[in-house]
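In terms of this note's numbering, the sequence shown opens at residue 52 and continues consecutively.
Ideal Cβ placement from N, Cα and C applies to all residues, glycine included.
Reading through the structure tokens given below for one structure.
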Amino acid sequence: MTDPSDQLNTLRDRLQSADAIAKADRKSLIEFDRTLQLLNSEYSDHRRLKLLRHITILTEEVGGVATALDDRKAAEELVRWIHANRSNEETDRDYRVALRVFGRRVTEGEDTPDALSGPRRRHRRVTTLRPSRAICSGGKKMSSR
């Protein structure tokens, strides 16, 4: 497996040279990367790579990540692309989390910008019926023996 530091360097080179990335987006991505480097006790190289890769892909495929920090419509376009192109629920969630972390780390303050803190998908809650809560026909509780 390739060292995440090498992969991060390759991704940084890609950011610097990609013609498909708008100047404002490039600046925001570089700032995001530098901020994550400063917070290396919170983000491992693997985590930084995953976050930066997801935001880079969003930037290359949709664009407007810098605009999405302040503009809910731009943020919604990014989320629409995520939902349309990521069939795996975990990957879908990873992209949305990366977008929120990006917003939190590139803007002033500790909170996710309002434009990026939109509705979140809720996982279905699976409940298991415990015998102590089960009710028999006739309305009596079952014993939990």
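Cutoff 8 Å; reference residue i; Cβ partners in own chain excluding five residues on either side
i, result
"L90", "R156"
"D75", "Note that residue 75 is Ala in the sequence shown, not Asp. Excluding positions up to five away in sequence, the list reads A117, T118."
"Y94", "L87, L102"
Length of the line joining the Cα atoms of residue i and residue j
i, j, result
"V130", "P55", "27 Å"
"S138", "S92", "32 Å"
"A135", "K124", "16 Å"
"F153", "T142", "16 Å"
"N60", "L109", "19 Å"
"S68", "R77", "10 Å"
"L111", "D70", "This sequence places Glu at residue 111; Leu is not what is there. Straight-line Cα distance between these residues: approximately 9 Å."
"D121", "T53", "36 Å"
"A73", "G115", "8 Å"
"R147", "E159", "20 Å"
"R175", "E140", "Any reading at R175 must be qualified, since the residue scores a pLDDT of 46, below 50, and its modelled position is unreliable; the value itself is stated next. Going by the C-alpha atoms only, they are around 12 Å apart."
Where the alpha helix (DSSP H) through residue i begins and ends
i, result
"A149", "140-157"
"V116", "116-119"
"T53", "Unbroken run through T53: none, as it is neither H nor E."
"R123", "123-136"
"D96", "96-112"
"L89", "74-89"
Contact check, residue i vs residue j, beta carbons under 8 Å
i, j, result
"D145", "H105", "yes"
"L62", "L103", "yes"
"L87", "L66", "no"
Close Cβ partners of residue i (< 7 Å) along its chain, the five nearest in sequence each way excluded
i, result
"E82", "V157"
"V113", "E128, L129, W132"
Proximal residues to residue i (C-beta, below 6 Å), its chain only, five neighbours per side dropped
i, result
"Q1", "In this structure the chain extends from 52 to 196, so residue 1 is not present and cannot be described."
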